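Single-structure report; data block below.
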Amino acid sequence: MKFLVLNGPNLNLLGLREPGIYGSKTLTDLEQDLLAFAENEQIEIVCFQSNHEGDLIDAIHEAVNQYDGIVINPGAFTHYSYAIRDAIASIQLPVIEVHISNVHTREEFRHTSVTAPVTMGQIIGLGFIGYILAIRALMDKVGGKQG
Ligand code: DQA
Numbered sequence: 053m054k055f056l057v058l059n060g061p062n063l064n065l066l067g068l069r070e071p072g073i074y075g076s077k078t079l080t081d082l083e084q085d086l087l088a089f090a091e092n093e094q095i096e097i098v099c100f101q102s103n104h105e106g107d108l109i110d111a112i113h114e115a116v117n118q119y120d121g122i123v124i125n126p127g128a129f130t131h132y133s134y135a136i137r138d139a140i141a142s143i144q145l146p147v148i149e150v151h152i153s154n155v156h157t158r159e160e161f162r163h164t165s166v167t168a169p170v171t172m173g174q175i176i177g178l179g180f181i182g183y184i185l186a187i188r189a190l191m192d193k194v195g196g197k198q199g
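What the sequence shown shows, in this note's numbering, is residues 53 to 199, in sequence order.
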C-alpha cells in the first residue's frame, strides 16, 4: 500500500508558527514520524507540502494510479478552496482530511470546511497523531476492513 500525505500553506512553518496552537515540532519531525510508521507497517508513504493551490491540485490529480489513498491537511484552503474540493471529488481515491488544531474552538471562519464533504472523513484537533490515525483508517479501507 502506498499513501500520499499532502500539507498545504504555512505548514512548512510548523514549529515556528503559533506554537501554542500547532506545537513545537516541525514539518520534518512530522514527516519523519510518518516515514517511521510506514517502515514499521511495511507500507509506503510519500510526503509533499506546498503553499500553492495549483501544486496541491496537480498532486491530487497525479496521485491517481500511483497511490492507494491521500491524507490532506489543506491548511487555510480548507475553508474556501472550491478548486481543491473539486480536485478531491474528481478522483476515485479515498481521501482523509486532517487538522492539527481543533478548528471548532477557533475563529468562526475555521468552522467551515468546503473540502470535508468530498472526503472519507476528518480527523481534527489531535495534533500530529491525526495523520497516523488517518493512514490507519486508509489502510483498513484499502485492505477491505472498513466499508
Ligand atoms: C489547520 C487549520 C487551518 O484553519 C489553518 O489555516 C491551518 C492549519 C490545522 O492543521 O489545524 O493552516 O489546517
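Beta carbons are placed, not taken as given, at the ideal position from N, Cα and C, and that holds for glycine.
Note that this is a predicted model, so its numbers are computed, not measured.
What do you reckon, are the CB atoms on residue i and residue j nearer than 9 Å?
{"i": "Arg189", "j": "Gly173", "result": "Reading off the sequence shown, one finds Ala at residue 189, where the question assumed Arg. Against a cut-off of 9 Å, the Cβ pair of Gly173 and Ala189 comes out as a contact."}
{"i": "Gly121", "j": "Val194", "result": "yes"}
{"i": "Leu58", "j": "Phe89", "result": "no"}
{"i": "Val98", "j": "Ile140", "result": "no"}
{"i": "Leu66", "j": "Leu79", "result": "yes"}
{"i": "Leu82", "j": "Tyr119", "result": "no"}
{"i": "Thr157", "j": "Gly127", "result": "no"}
{"i": "Ile143", "j": "His163", "result": "no"}
{"i": "His131", "j": "Ser165", "result": "yes"}
Please name the residue in the options whose C-alpha comes closest to that of residue i.
{"i": "His104", "options": "Ala88, Pro169, Leu63", "result": "Leu63"}
{"i": "Gly60", "options": "Leu145, Gln84, Val123, Ala115", "result": "Val123"}
{"i": "Asn117", "options": "Leu56, Tyr134, Ala186, His131", "result": "Leu56"}
{"i": "Glu96", "options": "Ile187, Leu145, Thr157, Lys197", "result": "Ile187"}
{"i": "His151", "options": "Leu145, Gln144, Thr167, Ala141", "result": "Thr167"}
{"i": "Pro71", "options": "Gln94, Asp107, Ser153", "result": "Ser153"}
{"i": "Ile181", "options": "Gln198, Glu159, Glu149, His156", "result": "Glu149"}
{"i": "Lys54", "options": "Val147, Ile176, Glu159", "result": "Val147"}
{"i": "Ile136", "options": "Asp85, Glu160, Asp110", "result": "Asp110"}
{"i": "Ile184", "options": "Asp85, Lys77, Leu68", "result": "Asp85"}
{"i": "Glu159", "options": "Leu68, Ile73, Arg69", "result": "Ile73"}
I'd like to confirm the pairing. Which residues does DSSP put opposite residue i in its beta bridges?
{"i": "Val123", "result": "Val57, Ile148"}
{"i": "Gly173", "result": "Ile148"}
Taking 8 Å as the cut-off, is the CB of residue i close to at least one heavy atom of the ligand COA?
{"i": "His156", "result": "The ligand COA is not among the ligands present in this structure, which contains only the ligand DQA."}
With a threshold of 9 Å between beta carbons, is residue i in contact with chain D?
{"i": "Val166", "result": "Absent from the structure is chain D; it holds one protein chain and no more."}
Whole beta strand (DSSP E) elements within the segment 81 to 121, 3-residue minimum = Here the runs fully enclosed are 96 to 101.
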